[in-house]
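K.L.:
Just passing along the structure, written as structure tokens.
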Ligand SMILES: [Mn+2]
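Residue numbers (my numbering): 91 to 356.
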């Protein structure tokens, strides 16, 4: 039994299958951890959704911002952008069942000393608190107020956590941190516009994982979302988005021994 953590797939199904072959992944024996952004930008989002949803308990995937964007399109709360590649999913005969499956995925998964999340955790959040907050959002997303939630996720404000937050703004901060954050100020204000590499941080901001008082340092965070950071490991962090869809690599790490597997873009 082995656990393979894999970076952002972004609809790159054939590369994903090549990577699984390279790992000799066996769904009867092994497990996959997917960091989210299963869909969009790449050419085969539909195939990714069909394959991953068919893996059952062999896979644990968390939601990324592109996955939520797909749910927003399907709910009619956002219009398609000219550069998305999601029409094939929206027009598929099995679209409803695939999106129902997608909407039940968690925003955060904790297993032993590891945390699986798409983007990151705000510095004030311990791992148990982040898990409780992620579950708070997950309950709404899988329930009857799902469409209302999706409509109310749009926007970057408020940009920081506060235990007193209520209603949609509370859920919006949680989702923005878990699925979109890269840079943060030391007191936990997210700088949502910045997408460059860590060294491009604007004055007063740091990569979220580098904040000195971050309470989730108790665990190793397995994440994606930041292709300009690339595949990056340090104490307590495994960042897996190595930008295959942008001409980089698709990366898997075997959690048990740290072995790395990669498929380069053609
Ligand atoms: Mn992302």
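Ideal Cβ placement from N, Cα and C applies to all residues, glycine included. Fair warning: this is a prediction, and the values are worked out from it, not measured in the lab.
Quick one: measure Cβ to Cβ for residue 154 and residue 126, integer angstroms, because I've assumed they're closer than 8 Å.
P.N.:
The count along the chain shown starts at 1 and reaches residue 154 at position 64. The count along the chain shown starts at 1 and reaches residue 126 at position 36. Contact flag correct, Cβ pair sits at about 3 Å.
K.L.:
Between the C-alpha atoms of residue 176 and residue 227, what's the straight-line distance to the nearest angstrom?
P.N.:
Mapped onto the chain shown, residue 176 falls at position 86. Mapped onto the chain shown, residue 227 falls at position 137. Whole-angstrom Cα-Cα distance: 24 Å.
K.L.:
Mind checking residue 116: buried by the 16 CB within 10 Å criterion, or exposed?
P.N.:
Here residue 116 is taken as the residue at index 26 of the chain shown, counted from 1. By the neighbour-count rule (16 or more Cβ atoms within 10 Å), residue 116 is not buried but exposed.
K.L.:
At a cut of 8 Å, does the stretch 144-159 reach the stretch 213-222 through at least three beta carbon pairs?
P.N.:
no
K.L.:
Out of 138, 172 and 195, which one is the CA nearest neighbour of residue 182?
P.N.:
Numbered from its first residue, the chain shown carries residue 182 at position 92. Measuring from the Cα of residue 182, the nearest candidate turns out to be 138.
K.L.:
For residue 349, count neighbouring Cβ atoms within 10 angstroms of its own Cβ and tell me buried if that reaches 16, exposed if not.
P.N.:
Counting from 1 along the chain shown, the entry for residue 349 is found at position 259. Result: exposed.
K.L.:
Give me whichever residues DSSP pairs with residue 316 in a beta bridge.
P.N.:
Stepping through the chain shown from its first residue, residue 316 is reached at position 226. None, per the DSSP bridge assignment.
K.L.:
Can you give the Cα-Cα distance for residue 192 and residue 162, rounded to whole angstroms?
P.N.:
By 1-based counting over the chain shown, the position of residue 192 is 102. By 1-based counting over the chain shown, the position of residue 162 is 72. Residue 192 and residue 162: Cα-Cα distance of roughly 12 Å.
K.L.:
For residue 332, which residues in the same chain have their Cβ closer than 8 Å to its Cβ, ignoring the five residues on either side in sequence?
P.N.:
Residue numbering aside, residue 332 sits at position 242 when the chain shown is read from its first letter. For residue 332, where only same-chain residues beyond five positions count, the Cβ hits under 8 Å are 97, 317, 320, 321, 338, 339, 340, 341 and 352.
K.L.:
Could you tell me if the beta carbon of residue 266 falls within a distance shorter than 7 Å of some heavy atom in ligand 1?
P.N.:
Here residue 266 corresponds to residue number 176 of the chain shown, with the count starting at 1. Residue 266 Cβ: outside cutoff for every heavy atom of ligand 1.
K.L.:
Is residue 91 helix, strand or coil by DSSP?
P.N.:
To locate residue 91, count along the chain shown from 1; it is residue 1. Residue state, collapsed to three classes: coil.
K.L.:
Using only alpha-carbon positions, find the residue among 252, 231 and 278 that is nearest to residue 158.
P.N.:
Working through the chain shown from its first residue, we reach residue 158 at position 68. The residue with the shortest Cα to Cα distance from residue 158 is 231.
K.L.:
Report all residues from its chain with a CB closer than 6 Å to the CB of residue 106; omit the five preceding and five following residues, and keep chain order.
P.N.:
Along the chain shown, read from residue 1 onward, the residue named residue 106 stands at position 16. For residue 106, where only same-chain residues beyond five positions count, the Cβ hits under 6 Å are 99.
K.L.:
Do you know whose CA, among 179, 323, 279 and 271, lies nearest residue 286's CA?
P.N.:
Numbered from its first residue, the chain shown carries residue 286 at position 196. The option with the nearest alpha carbon to residue 286 is 271.
K.L.:
Enumerated in chain order, which unbroken segments of the beta strand (DSSP E) with a length of 3 residues or greater are wholly contained in the stretch 212-254?
P.N.:
Given a length threshold of 3 residues, the stretch 212-254 has no whole run of the beta strand (DSSP E) inside it.
K.L.:
Under three-state DSSP, which class holds residue 295?
P.N.:
Indexing the chain shown from 1 puts residue 295 at position 205. The answer is strand: DSSP assigns residue 295 an E or B state.
K.L.:
Going by beta-carbon coordinates alone, are residue 197 and residue 164 separated by less than 8 Å?
P.N.:
By 1-based counting over the chain shown, the position of residue 197 is 107. By 1-based counting over the chain shown, the position of residue 164 is 74. Contact check for residue 197 against residue 164 fails: the beta carbons are separated by 8 Å or more.
K.L.:
Spatial neighbours of residue 113 within its chain, please: CB distance less than 6 Å, with the 5 preceding and 5 following residues excluded, ordered by chain position.
P.N.:
On the chain shown, residue 113 is found 23 positions in, with the first residue counted as 1. Hits under 6 Å: 94, 342 and 351.
K.L.:
In its own chain, which residues sit with a C-beta less than 7 Å from the C-beta of residue 220, not counting the 5 before and 5 after it?
P.N.:
One-based indexing of the chain shown puts residue 220 at position 130. Excluding positions up to five away in sequence, the list reads 198, 211 and 306.
K.L.:
Do the stretch 198-209 and the stretch 289-296 meet, that is, are 3 or more Cβ pairs less than 8 Å apart?
P.N.:
no
K.L.:
Apart from the five residues on each side of it in sequence, which residues of its chain come closer than 6 Å, Cβ to Cβ, to residue 204?
P.N.:
Residue numbering aside, residue 204 sits at position 114 when the chain shown is read from its first letter. Same-chain partners within the cutoff: 310 and 312.
K.L.:
Indicate the three-state DSSP secondary structure (helix, strand or coil) for residue 153 in the structure shown.
P.N.:
Translated into positions along the chain shown, residue 153 becomes position 63. The answer is coil: DSSP assigns residue 153 none of H, G, I, E or B.
K.L.:
The alpha helix (DSSP H) that contains residue 105, what's its start and end?
P.N.:
Sequence index remark: in the chain shown, residue 105 carries index 15 (1-based). Start and end: 103-113.
K.L.:
Would you check if the distance between the CB atom of residue 150 and the CB atom of residue 121 is smaller than 8 Å?
P.N.:
Counted from its first residue, the chain shown places residue 150 at position 60. Counted from its first residue, the chain shown places residue 121 at position 31. Yes, these two residues count as a Cβ contact at 8 Å.
K.L.:
Which residues neighbour ligand 1 when neighbourhood means a C-beta less than 5 Å away from any of its non-hydrogen atoms? List them by chain order.
P.N.:
Proximity to ligand 1 was defined by a C-beta distance below 5 Å to any of its heavy atoms, and the residues meeting it, in sequence along the chain, are 127, 154, 155 and 315.
K.L.:
Taking the CB atoms as reference points, tell me whether residue 301 and residue 276 lie closer together than 8 Å.
P.N.:
The residue you call residue 301 lines up with position 211 of the chain shown. The residue you call residue 276 lines up with position 186 of the chain shown. Taking 8 Å as the Cβ cut-off, residue 301 and residue 276 qualify as a contacting pair.
K.L.:
Between the beta-carbon of residue 134 and the beta-carbon of residue 104, is there less than 8 Å?
P.N.:
For the purposes of this step, residue 134 is taken as residue 44 along the chain shown, with counting starting at 1. For the purposes of this step, residue 104 is taken as residue 14 along the chain shown, with counting starting at 1. A contact, by the Cβ cut-off of 8 Å.
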